[in-house]
Amino acid sequence: MHLLAEESSRFNERLAVYETTRLYGETGKYRILQFADAAVQGAADLKNPSRIVLPYQRLSFT
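Per this note's numbering, the very first residue in the sequence shown carries number 9; after that it's consecutive.
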């Protein structure tokens, strides 16, 4: 993973944006958002931006 941006809040909470070529066993080009113990909170497929990558995100758009 390649770190693109990182910020910390005044409460020492960390938020980071990465690019990676693998996500949960799938090869591609992804941009991910992490916070809360480095869990992936959001993901975008940069080769197919309209694709909903994470299952919980799919529920938000149905």
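Note that CB positions come from ideal geometry on N, CA and C, so glycine has one too. Nothing here was measured: the structure is a model prediction, and the numbers come from that model.
| Check | Outcome |
| --- | --- |
| Pairwise C-alpha distance: R18 and V25 | 18 angstroms |
| Buried or exposed by the 16-neighbour rule on C-beta atoms within 10 Å, applied to L31 | buried |
| Burial state of A51, where buried means 16 or more other Cβ atoms lie within 10 Å | buried |
| Environment of Y38 [buried if 16+ CB atoms lie within 10 Å] | buried |
| T29 versus T35 - alpha carbon distance | 6 angstroms |
| Nearest residue (CA-CA) to D45, options R22, E15, E14 and N56 | R22 |
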